[in-house]
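One structure below.
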Amino acid sequence: MSSIVLIVISTIIVLGGTSLVAILIGKKKKSQEDWAVGGRSLPIYVIVGTQYATAMGGGILVAHVGIGYGSGWSALSYGLLVSGGIAFLAVIAKWLREQNFTTVPDIITRFYGDNKVLLVLASVGSILVPFGWMCTQLVAFGKLYSAITGLSVPLLMTIFAIISLAYVLPSGLSSVAWTDFIFGCLMLCMTVFSVYFVMKLGGGWANIVAKAPPEITAFPGGMKAVGWATIALWSLSILPGSLTNQMYYQRIFAIDKVKLVRTSLIISAIVILTADVWASFMGIAIRSLKPGLAPELASGWFLTQVPAWFLALFSAFLCATIMSTIDSGIQSVAVNITTDIYHKLVNKKATDKDLTKYSRIFSAASVALALALALWYPQALGWLVATYAYSAAVLLFPIFMGYFFRNTKVLNAQGAIASMVGGVIGCAIATVLKIKIPYVAYGLVGSLVCLFLVSYLTKKQSSKLRASNN
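Here is the structure:
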């Protein structure tokens with residue numbers, strides 16, 4: 001039996017089985033709360049599994065293994081920033097869960113009050129990272145499966161985009177989280193097997209290290225092999241971006257027991273970090289076996305070197321890994337559009353049934369747009385870093401300064417609006433001028449300055465507005 005046939009069979013089994021699970025869950029979970037936040041009833045093991053599966057995704061398989069290929073243990077530096085952001089969320093997680101929020105804009109509204117402009121800006125900022133992840137997963141799937149099957153990248157991306165909706169449409173986060181948990185278990189198994197095969201191909205770790213450049217294999221020195229400028233960019237975009245990633249927040253909102261929410265985040269951070277340990281290891285090993293590749297092609301090349309039966313299993317692993325992230329991104333974007341824009345601004349009288357229907361419509365529309373953009377700019381790491389950076393510049397300070405000053409009158413809606421606009425303008429100007437300092441730094445500084453300065457300048461106006469509302 002040919003390897004292509006085995007790949008198709010294994011992929012059908014994994015996707016068919018898990019999509020059936022999604023459909024069965026959809027028959028039991030039909031409310032908008034089930035769709036948006038899993039009915040706030042997901043157990044801790046499902047929360048950890050879906051956090052891990054969501055964070056791993058095609059970015060790990062393509063972009064992070066690519067980092068490992070080009071810069072060794074630097075992929076672990078990236079992972080520490082992601083995990084650090086998730087762990088930091090534990091500081092405010094209990095308070096977040098107790099408020100029964102649904103989206104990040106709900107948090108912003110709690111701090112600064114109802115304001116249509118602020119709501120739209122917060123919604124757009126919240127959409128950036130999950131939408132960027134959607135594009136990343138489509139690119140990752142296209143590149144990896146093209147290397148395996150020989151089919152064109154655009155065709156594969158289109159097929160995968162259509163299939164991904166089968167996991168989201170039944171019941172949103174309820175179906176996404178439970179299938180992610182299954183995917184996560186499969187991922188852990190396959191990472192172990194892939195390490196075994198790459199070690200076998202490379203003749204053991206000592207032989208791999210001897211053939212790879214010493215500057216990327218040294219530990220911990222190899223963690224900075226990517227260069228301090230890149231690490232600075234990651235630090236100013238990935239860490240703040242993790243702190244503003246709505247997909248992580250939704251899983252905080254969805255856990256069944258408030259007392260376990262911090263524990264779930266700490267465990268998730270540790271498990272997610274292991275994914276970048278794996279990516280660094282795989283990247284270094286593939287570099288020793290096949291130098292001279294474009295970094296984002298490293299995983300694809302590895303798959304051409306393994307036995308047909310393992311290639312079939314690994315192909316299923318690819319589907320599971322990438323699907324677990326794209327379905328989370330689709331659901332998160334759809335919730336923002338439905339809850340924060342359609343329901344709050346367009347149709348406040350929409351019923352629960354209406355909201356669920358439009359969540360599905362917006363899911364399909366967002367996938368179509370992500371596919372178009374991914375076809376236009378098929379660079380996985382580029383989408384990750386850019387969306388993290390702009391999301392951080394828009395949301396980081398309005399969220400966390402809002403939290404720390406929530407019981408004071410220091411900040412107001414005008415300041416928050418200015419902060420979001422200032423963050424985007426700061427990033428954009430630095431990008432256009434090609435300033436050496438990472439552009440996100442200008443966005444963050446602009447956001448912070450505008451937040452406090454405009455809040456101070458409009459303090460009297462804000463006080464009068466609050467008084468008239470009362």
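Using my numbering, read the sequence shown as starting at 1 and increasing by one per residue. From the three backbone atoms N, C-alpha and C, an ideal C-beta is built for every residue, glycine too.
What is the DSSP secondary structure of residue i, counted as helix, strand or coil?
{"i": "Leu155", "result": "helix"}
{"i": "Asn470", "result": "The pLDDT assigned to Asn470 is 42, lower than 50, so where the model puts this residue is not dependable; a value taken from the coordinates is nonetheless given after this. Coil, per DSSP."}
{"i": "Ala225", "result": "coil"}
{"i": "Pro295", "result": "helix"}
{"i": "Pro213", "result": "coil"}
{"i": "Phe160", "result": "helix"}
{"i": "Ser171", "result": "coil"}
{"i": "Tyr377", "result": "coil"}
{"i": "Ala285", "result": "helix"}
{"i": "Pro130", "result": "helix"}
{"i": "Ser31", "result": "coil"}
{"i": "Pro240", "result": "helix"}
{"i": "Gln414", "result": "helix"}
{"i": "Gln99", "result": "coil"}
{"i": "Gly203", "result": "coil"}
{"i": "Lys348", "result": "coil"}
{"i": "Pro398", "result": "helix"}
{"i": "Gly49", "result": "helix"}
{"i": "Trp73", "result": "coil"}
{"i": "Ala336", "result": "In the sequence as displayed, the identity of residue 336 is Asn instead of Ala. Reduced to three states, the DSSP call for Asn336 is helix."}
{"i": "Arg406", "result": "coil"}
{"i": "Val306", "result": "coil"}
{"i": "Lys434", "result": "coil"}
Determine the burial state of residue i: buried for a count of at least 16 other Cβ atoms within 10 Å of its Cβ, exposed for fewer.
{"i": "Lys143", "result": "buried"}
{"i": "Ser468", "result": "Residue placement at Ser468 is poorly supported in this model, since its pLDDT is 49, which falls under 50; the coordinates still yield a value, given next. Ser468 should be labelled exposed."}
{"i": "Trp376", "result": "exposed"}
{"i": "Tyr78", "result": "buried"}
{"i": "Val454", "result": "buried"}
{"i": "Phe404", "result": "exposed"}
{"i": "Ile12", "result": "exposed"}
{"i": "Gly17", "result": "exposed"}
{"i": "Tyr248", "result": "buried"}
{"i": "Asn470", "result": "Confidence at Asn470 is low in this model, with a pLDDT of 42, below 50, so the placement of that residue is unreliable and no value is reported for it."}
{"i": "Leu303", "result": "buried"}
Skipping 5 residues on each side, what residues in its chain have a beta carbon closer than 8 Å to that of residue i?
{"i": "Gly26", "result": "Leu169, Pro170, Ser171, Ser174 and Ser175"}
{"i": "Ile270", "result": "Ser83"}
{"i": "Leu236", "result": "Ala389, Ala392, Pro438, Val440, Ala441 and Leu444"}
{"i": "Asn347", "result": "Asp354"}
{"i": "Gly39", "result": "Lys29, Ser31, Glu33, Ser174 and Ala254"}
{"i": "Lys116", "result": "Leu345"}
In the DSSP output, which residue or residues are listed as bridge partners for residue i?
{"i": "Tyr42", "result": "The amino acid occupying residue 42 in the given sequence is Leu; Tyr does not appear at that position. According to DSSP, Leu42 bridges with Ile255."}
So, at 6 Å on beta carbons, what are the nonlocal neighbours of residue i in its own chain, with the 5 sequence-adjacent residues on each side left out?
{"i": "Val333", "result": "Ile127, Pro130, Phe131 and Ser366"}
{"i": "Ile216", "result": "Ser71, Gly72, Gly222 and Ala225"}
{"i": "Pro295", "result": "Gly66, Tyr69 and Gly70"}
Using a Cβ-Cβ cut-off of 7 Å (strictly less than) and excluding sequence neighbours within five positions of residue i, which residues of its own chain qualify?
{"i": "Trp178", "result": "Val21, Ile25 and Val46"}
{"i": "Arg262", "result": "Ala90, Ala93 and Lys94"}
{"i": "Ser164", "result": "Met323, Ile326, Asp327, Ile330 and Val367"}
Check whether the segment 415–434 touches the segment 117–126, taking contact to mean three or more Cβ pairs, one atom from each stretch, closer than 8 Å. yes
Decide yes or no for the touch test of the segment 341–357 against the segment 30–45: beta carbon pairs closer than 8 Å, at least 3 of them. yes
Three or more beta-carbon pairs under 8 Å between the segment 311–322 and the segment 108–115, yes or no? no
Evaluate contact between the segment 280–288 and the segment 203–218, counting only Cβ atoms and requiring at least three cross-stretch pairs below 8 Å. yes
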